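Protein chains in written order, with the UniProt record's numbering: chain W, 1 to 236; chain F, 1 to 236; chain A, 1 to 236; chain U, 1 to 236. The C-beta atom is built at its ideal place from N, Cα and C for all residues, glycine as well. Nothing here was measured: the structure is a model prediction, and the numbers come from that model.
This is how it looks when you write it as structure tokens:
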């Protein structure tokens with residue numbers, strides 16, 4: 001398999017490794033049940049992405065059985081893992097990669113607290129500083145969409161384009177998150193469940209104190225530019 | 001022990017292996033406490049099934065101490081593990097195997113969220129797409145029944161025969177799930193707790209958005225026929 | 001160390017082993033935080049019991065540092081572990097052993113759901129069959145008592161003597177459980193948290209369906225006499 | 001690296017070891033998500049403390065990459081780990097060390113239940129004896145503060161100076177805890193989430209029974225002086 005030349009082949013191998021390993025974070029944080037949920041990662045420098053196969057146990061995921069797709073969601077014939085079907089959410093992932101060039105990773109789960117907000121079609125209000133840091137404000141709702149055509153992908157792209165949040169709660173369905181790479185999208189999937197849970201618990205106990213918009217802006221800007229060991233770009 | 005001939009003996013060995021191992025999923029997903037809960041699997045090609053012994057620690061379950069029963073729930077004399085008593089729910093499992101020939105696996109737990117719905121005698125409404133996928137609509141309630149005779153088995157069969165759902169919440173008791181084999185029934189047990197939890201959390205926060213029936217039908221049909229690496233049969 | 005003769009010494013060694021190991025169930029089921037919670041076991045054939053040391057990490061508990069006490073809660077001088085202080089709940093445990101001769105094990109935790117009922121001084125109503133099986137009815141509340149004298153022990157004994165339940169929720173404090181041995185008391189501690197959680201969740205969602213008293217009686221009697229691999233005695 | 005002489009260098013090595021290892025308790029108790037949360041420990045006998053680097057995975061924390069700071073929060077040039085940035089909460093930690101000489105450890109998390117109380121700006125009422133033991137009364141709220149200058153540190157110090165509680169819930173943000181050393185502050189972080197959860201659950205079910213002030217005082221005094229294997233000092 002060197003249909004893409006050594007540079008792209010090496011990039012594919014790295015993304016296969018990352019995407020396979022990052023699925024372990026979904027189980028570690030309890031975001032998925034059975035074979036549900038999926039992570040994908042764009043191959044830098046090529047019109048390709050790598051995604052989980054459909055209906056395979058988390059314990060059996062490995063770089064070799066990740067599936068390589070073009071940006072229309074078609075499996076690359078003869079590539080490692082191509083004898084299996086890709087995730088049933090592949091059309092949604094590919095739609096995002098086609099329409100959001102800054103996105104390098106997409107994650108989907110049915111994590112319980114985030115999906116609970118989605119079942120009410122209610123955005124998560126920004127009442128904790130960790131949410132301002134990570135999402136820059138409320139986490140929005142995307143329209144109801146049936147799996148299997150472009151409606152989910154379109155809903156994600158329409159909601160998140162130009163939005164600070166890297167997470168959208170698709171109504172009655174669950175969260176999709178994006179990031180500059182697969183790891184960044186997985187982080188957003190972990191954090192959206194964390195804030196969905198905390199704000200759910202907070203509201204059960206009484207009235208929430210809003211955070212002033214100026215403070216939200218300041219927290220978001222600082223976190224995007226200062227936190228961690230190197231500046232992080234925002235997604236366009 | 002080759003009372004059943006080499007083909008059936010080999011099938012028994014495979015089901016013992018599966019049933020023993022699948023109990024590990026009940027603890028992994030936190031569906032059971034102490035020695036509660038049980039999985040059984042029908043032996044293909046024979047009027048036999050394999051079930052967990054009663055009151056034995058999960059850590060000590062192994063193929064050899066699983067118990068082989070006939071379809072009346074009687075322990076097969078002299079078979080491996082036959083010196084122990086089978087699960088106290090054996091009568092319910094055997095009733096299901098006798099009356100639902102398409103069922104190859106049965107699981108029972110007292111998982112917390114599913115049992116909470118059961119304590120109110122309230123079906124779980126279908127407000128998330130994962131529920132439409134997996135159960136094709138609401139998860140129904142079965143009548144209150146005392147353990148020890150056929151009333152539990154009858155309640156399961158009456159509720160699930162001709163129903164899309166592979167899970168029933170027995171009132172004041174807990175979930176029973178069925179599947180084409182033991183693994184499929186365990187998947188249903190994992191998923192029913194997952195949706196019971198998500199819908200519980202969703203409703204705590206306010207009003208739920210229903211999913212239109214046509215969308216539920218479409219999701220269910222698609223998932224039964226397309227998801228995973230090969231088409232799955234529905235249970236008759 | 002053979003101050004008690006070889007038979008009692010052997011029994012002490014077995015109880016040390018059991019009590020040390022059984023503490024692992026408290027952490028496995030998430031019933032305790034940091035160094036909180038404690039298990040003790042009576043030494044059969046002697047006026048002695050074995051209990052956890054005070055303020056020691058769960059990871060460091062071992063048969064040798066369990067503490068051997070007489071039935072007044074006094075540490076046996078020179079016995080293994082006697083250089084440490086016993087659990088700060090030792091007075092309560094010893095009071096139970098003195099006044100309930102049928103009790104062979106005592107457990108105390110601050111497990112979250114059970115303690116939540118205790119903070120309201122509200123007994124857990126018997127609305128799930130697993131509760132009827134295990135506790136034979138509601139789990140009762142014991143009076144508010146300050147640690148450090150006999151008031152906790154007295155509260156436990158007054159509440160549980162002649163009661164079907166092996167668990168009492170001490171008001172504003174948390175659950176104490178008893179059993180025929182340490183393992184049986186640990187099982188009761190695991191199960192009381194499990195039912196406290198399930199009934200809490202059930203009631204959050206609406207009105208509970210009571211179980212008729214005759215059905216509770218039938219479930220309790222059956223479980224005490226039939227479940228598991230051998231009949232279990234009830235505690236007097 | 002022996003800029004501080006052998007005694008202080010040895011103390012630094014011990015604190016690096018402790019602080020790196022204690023971060024494992026934050027993940028074990030589920031108090032943190034992704035790279036959030038941080039522990040620091042003062043170096044006894046020197047105006048120095050050790051803190052977690054910013055944005056590094058918990059799995060990769062080790063004594064060598066902990067960061068050594070002076071009491072103004074400046075990284076000690078050339079010390080092990082100094083090529084990285086310290087935790088983004090370093091200013092708050094250093095403010096506490098400068099203004100509370102009795103404090104030897106500081107911990108910050110966004111643990112879900114404690115942060116839920118913080119999002120309402122509501123102190124946790126003291127209705128369980130474990131809270132009286134550990135915190136001597138309610139866990140207080142600190143004022144809303146934006147990260148990045150001294151306002152968080154000032155809020156912590158103003159709230160906790162002269163207070164029995166070693167935990168403060170910073171409004172809309174989350175808990176900060178202090179202790180005589182890093183381990184003691186981590187214990188407070190574990191316990192504040194535990195009581196935040198239990199009291200949250202308790203109040204969901206109905207009215208709470210208050211504990212009389214005299215009983216709270218008696219529990220607190222006893223626990224500070226008697227519990228564990230040696231007396232513990234309170235923090236001034």
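Check	Outcome
Using a C-beta cutoff of 8 Å, does residue 164 (chain F) count as contacting chain W?	no
Go through its chain and collect everything with a Cβ distance to residue 82 (chain F)'s Cβ below 8 Å, but skip five positions before and after it.	67, 68, 75 and 76
Report yes or no: is there a C-beta of chain W within less than 8 Å of the C-beta of residue 187 (chain F)?	yes
Evaluate contact between the region 163-180 of chain U and the region 102-121 of chain U, counting only Cβ atoms and requiring at least three cross-stretch pairs below 8 Å.	yes
Within the chosen definition, does the region 181-192 of chain U reach the region 158-169 of chain U through at least 3 CB pairs nearer than 8 Å?	yes
At least one CB of chain W closer than 8 Å to the CB of residue 209 (chain F): is that the case?	yes
Would residue 169 (chain W) count as contacting chain U if we go by Cβ distances under 8 Å?	no
Can you name the residues of chain A whose CB is closer than 7 Å to the CB of residue 107 (chain U)?	In chain order: nothing, as chain A lies at least about 13 Å away.
What ranges does the alpha helix (DSSP H) occupy inside the region 183-227 of chain U, keeping only unbroken runs of at least 4 residues that lie completely in it?	213-226
Could you list which residues in chain F have their beta carbon closer than 7 Å to that of residue 115 (chain W), in chain order?	128 and 198
Determine whether the Cβ of residue 171 (chain A) lies closer than 8 Å to any Cβ atom of chain B.	Although the question refers to chain B, the structure presented lacks it and instead comprises the protein chains W, F, A and U.
In the DSSP assignment, find the beta strand (DSSP E) that holds residue 70 (chain A) and state where it starts and stops.	67-70
Going straight from the alpha carbon of residue 47 (chain A) to that of residue 4 (chain A), what length do you get?	11 Å
Please report the straight-line C-alpha distance between residue 19 (chain F) and residue 22 (chain A), rounded to a whole angstrom.	27 Å
Just to check, is the beta-carbon of residue 40 (chain F) closer than 7 Å to a non-hydrogen atom of the ligand NAD?	With respect to the ligand NAD, the structure shown offers nothing to examine, as it has no ligands at all.
Within 10 Å of its beta-carbon, does residue 116 (chain W) have 16 or more other beta-carbons around it, so buried, or fewer, so exposed?	buried
How many Å lie between residue 181 (chain W) and residue 49 (chain W) at the Cα?	11 Å
Assuming residue 141 (chain U) and residue 171 (chain U) are in contact, meaning their beta carbons sit under 8 Å apart, how far apart are those beta carbons, in whole angstroms?	6 Å
List, in order along the chain, the chain W residues whose C-beta lies closer than 8 Å to that of residue 122 (chain U)?	205 and 206
So with CB distances below 9 Å, who are the chain A contacts of residue 191 (chain U)?	33, 34 and 36
I need the boundaries of the beta strand (DSSP E) containing residue 42 (chain F), first residue and last residue.	38-42
Helix, strand or coil for residue 93 (chain A) per DSSP?	helix
With three or more beta-carbon pairs closer than 8 Å as the criterion, would you say the region 125-139 of chain U touches the region 203-212 of chain U?	yes
Who are the near neighbours of residue 89 (chain U) in its chain, counting only those whose CB is closer than 6 Å to its CB and skipping five residues on each side?	38 and 108
Are the CB atoms of residue 184 (chain W) and residue 91 (chain W) nearer to each other than 8 Å?	no
If residue 54 (chain F) sits next to residue 87 (chain F), beta carbons under 8 Å apart, how far is it from one beta carbon to the other, in whole angstroms?	5 Å
Between F:101, F:13 and F:136, which lies nearest to residue 80 (chain F) when the distance is taken from Cα to Cα?	F:13
Please report how far the alpha carbon of residue 154 (chain W) lies from the alpha carbon of residue 70 (chain W), in whole angstroms.	18 Å
Looking at C-alpha atoms only, which residue of F:98, F:130, F:223 and F:32 is the closest neighbour of residue 58 (chain F)?	F:32
Between residue 97 (chain U) and the rest of its own chain, which residues show a CB-CB distance below 7 Å, the 5 nearest in sequence each way excluded?	42, 49, 71 and 103
Which residue from A:64, A:65, A:62 and A:85 puts its Cα closest to that of residue 73 (chain A)?	A:85
On the criterion of 16 or more Cβ atoms from any shown chain inside 10 Å, does residue 16 (chain U) qualify as buried, or is it exposed?	buried
Give a yes or no on whether the minimum CB-CB distance between residue 173 (chain F) and chain A is below 8 Å.	yes
Who does residue 177 (chain U) pair with in a DSSP beta bridge?	U:107 and U:167
Let me see if you follow: with CB-CB separation under 8 Å, is residue 112 (chain F) close to chain A or not?	yes
So which of F:26, F:159, F:132 and F:100 has the shortest CA-CA distance to residue 119 (chain W)?	F:132
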